[in-house]
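Q: First the structure, which I've put down as C-alpha cells, then a few questions once you've had a look.
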Amino acid sequence: NFEELLISEVSRRRELWDPSLELKLRGPRIVAKSWADIDTAFNIEPGTAKKRWKTLRDCYARKLAEEKKYVPSGSGASQSTIKWKYYASLNFLRSTVGYRK
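Numbered according to my numbering, the sequence shown spans residues 1 to 101.
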C-alpha cells in the first residue's frame with residue numbers, strides 16, 4: 001500500500017527525517033529534491049508525499065507519547081499496547097520524534 005511504500009522510501013533518505021545529520025547533507029535544496037523524487041517515483045502531485053509523511057510522523061509521535069505515558073503503580077491501569085499498523089515500520093524515528101515540554 002502507498003503508506004508502506006512511502007515509509008520505505010523516506011527511511012532510505014535520512015535527510016528527510018534525521019535532524020542530527022549535518023546541515024550540508026540535509027539542506028533545503030537537498031530535502032526539496034528528495035521530496036520531488038518521491039513524488040515523481042509514485043507519480044503523484046508535488047507535495048502529496050510530504051503531506052502524507054507529516055501525517056504519519058505526527059501519528060507515530062502521538063502513539064509514542066501514549067506508550068511513554070506514566071501509569072501510577074497500584075492504579076489498576078495496565079500499560080496499553082500500541083496497535084497501529086505503521087508503528088513498527090516507523091520505529092526508526094524513535095530517537096528523532098518527541099513532544100516539547
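Backbone N, C-alpha and C define an ideal beta-carbon position, used for all residues, glycine too.
What you are looking at is a predicted structure, and each value in this text was computed from that prediction instead of being measured.
Which class does Asn91 belong to by DSSP, given the choice of helix, strand or coil?
A: Three-state result, Asn91: helix.
Q: Keeping to the same chain, check which residues put their C-beta closer than 6 Å to that of Arg14; ignore five residues upstream and five downstream.
A: Once the five neighbours on either side are set aside, the close Cβ partners of Arg14 are Leu21.
Q: Could you tell me whether the Cβ atoms of Val31 and Arg57 are closer together than 8 Å?
A: No, Cβ-Cβ distance for Val31 and Arg57 is not below 8 Å.
Q: For Ser11, does the three-state DSSP call read helix, strand or coil?
A: DSSP places Ser11 in helix when its eight states are reduced to three.
Q: Smallest Cα separation from Asn91: which of Asn1, Ser11, Phe2 and Arg26?
A: Comparing Cα-Cα distances from Asn91 to each of Asn1, Ser11, Phe2 and Arg26, the minimum goes to Ser11.
Q: Within a Cβ cutoff of 8 Å, which residues of the same chain sit near Leu6, ignoring the five residues on either side of it in sequence?
A: Contacts found: Ile38, Phe42, Ala49, Arg52, Trp53 and Leu56.
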